[in-house]
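Numbering (the numbering used here), first residue to last: 1 to 150.
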């Protein structure tokens with residue numbers, strides 16, 4: 001079941017990331033979409049923190065393409081903004097790496113064809129008219145979704 005969540009500030013985005021971290025397990029993929037400035041990297045930072053990783057190490061991999069964060073479960077973080085397609089994502093070995101950890105893809109819409117949507121977490125972030133943001137979180141089929149409250 002989709003969860004529609006109002007994010008009033010960066011702290012609310014961080015809280016969402018912490019709840020998402022509680023729900024994730026080895027082999028999970030999280031596809032994150034949203035306009036520039038909607039908090040995609042802030043969300044990833046909170047997931048890494050929620051998994052016991054070093055939040056200071058988290059940066060958008062726009063130029064490195066793939067960052068790896070040691071945590072209770074390793075996090076493999078891709079920024080697909082500069083990728084020209086699914087072939088480049090495969091060339092990074094992302095799917096194979098993510099099997100042993102958690103894979104998170106920012107700008108996932110650019111490489112959506114690489115994934116089977118019903119098996120992935122999807123987070124769509126968007127600006128709201130009141131200066132905040134809104135998130136829609138879609139869990140993979142067969143999961144209970146985000147831990148409450150949201």
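Glycine included, C-beta positions come from ideal geometry on N, C-alpha and C.
A quick note: this is a predicted structure, and the numbers were derived from the prediction, not measured.
Task: Cβ shell of residue 150 (< 7 Å), same chain only, five flanking positions each side left out - done: Along the chain shown, read from residue 1 onward, the residue named residue 150 stands at position 150. Unreliable placement is indicated for residue 150, whose pLDDT of 47 sits below 50; the coordinate value is still reported in the next sentence. These residues qualify, in order along the chain: 3, 5, 19.
TODO: Take the Cβ of residue 139 as the centre, count every other Cβ of all protein chains shown within 10 Å, and call the residue buried at 16 or more, exposed below.
DONE: Here residue 139 refers to the residue found at position 139 of the chain shown. Classification of residue 139: buried, given that the 10 Å Cβ count is 16 or more.
Open item on the list: Between residue 32 and residue 123, how many whole angstroms is the CB-CB distance? I'm expecting something under 8 Å.
Closed with: The residue you call residue 32 lines up with position 32 of the chain shown. The residue you call residue 123 lines up with position 123 of the chain shown. The Cβ separation is near 5 Å, so the contact holds.
Task: Span separating the alpha-carbon of residue 156 from that of residue 45 - done: Residue 156 lies beyond the range of the chain shown here (1 to 150); nothing can be said about it.
Task: Alpha-carbon spacing of residue 76 relative to residue 69, whole angstroms - done: Here residue 76 refers to the residue found at position 76 when the chain shown is read from its first residue. Here residue 69 refers to the residue found at position 69 when the chain shown is read from its first residue. Those two C-alpha atoms are separated by around 7 Å.
- [ ] Check each candidate in 30, 71, 51 and name the one with the smallest Cα separation from residue 112.
- [x] What you label residue 112 is simply residue 112 of the chain shown in a count that begins at 1. Out of 30, 71, 51, 30 has the C-alpha closest to the C-alpha of residue 112.
Task: Neighbourhood of residue 67 by C-beta distance below 6 Å, restricted to the same chain and skipping five residues each side - done: Within the chain shown, residue 67 is the residue found at index 67, counting from 1. Cβ within range, chain order: 61, 77.
Open item on the list: Determine whether the beta carbon atoms of residue 80 and residue 58 lie at a separation below 7 Å.
Closed with: Your numbering for residue 80 matches position 80 in the chain shown. Your numbering for residue 58 matches position 58 in the chain shown. Taking 7 Å as the cut-off, the Cβ atoms of residue 80 and residue 58 do not count as close.
Task: Length of the line joining the Cα atoms of residue 28 and residue 91 - done: Counting from one through the chain shown, the residue named residue 28 turns up at place 28. Counting from one through the chain shown, the residue named residue 91 turns up at place 91. Distance from the CA of residue 28 to the CA of residue 91, rounded to the nearest whole angstrom, comes to 19 Å.
TODO: Kindly indicate which residue of 103, 71, 11 has the alpha-carbon position closest to the one of residue 54.
DONE: Taking the chain shown and counting its residues from 1, one reaches residue 54 at position 54. Closest option to residue 54, Cα to Cα, is 71.
TODO: Could you give the DSSP three-state label for residue 18: helix, strand or coil?
DONE: As a position in the chain shown, residue 18 is number 18, starting the count at 1. Looking at residue 18 - three-state DSSP - the assignment turns out to be helix.
Open item on the list: Less than 7 Å between the C-beta atoms of residue 41 and residue 132, yes or no?
Closed with: Position 41 of the chain shown, counting from 1, holds the residue named residue 41. Position 132 of the chain shown, counting from 1, holds the residue named residue 132. Going by C-beta atoms, residue 41 is not nearer than 7 Å to residue 132.
Task: Length-filtered (3 minimum) beta strand (DSSP E) runs lying within the segment 36 to 78 - done: With a minimum length of 3 residues, the continuous beta strand (DSSP E) runs that stay inside the segment 36 to 78 are 66 to 69.
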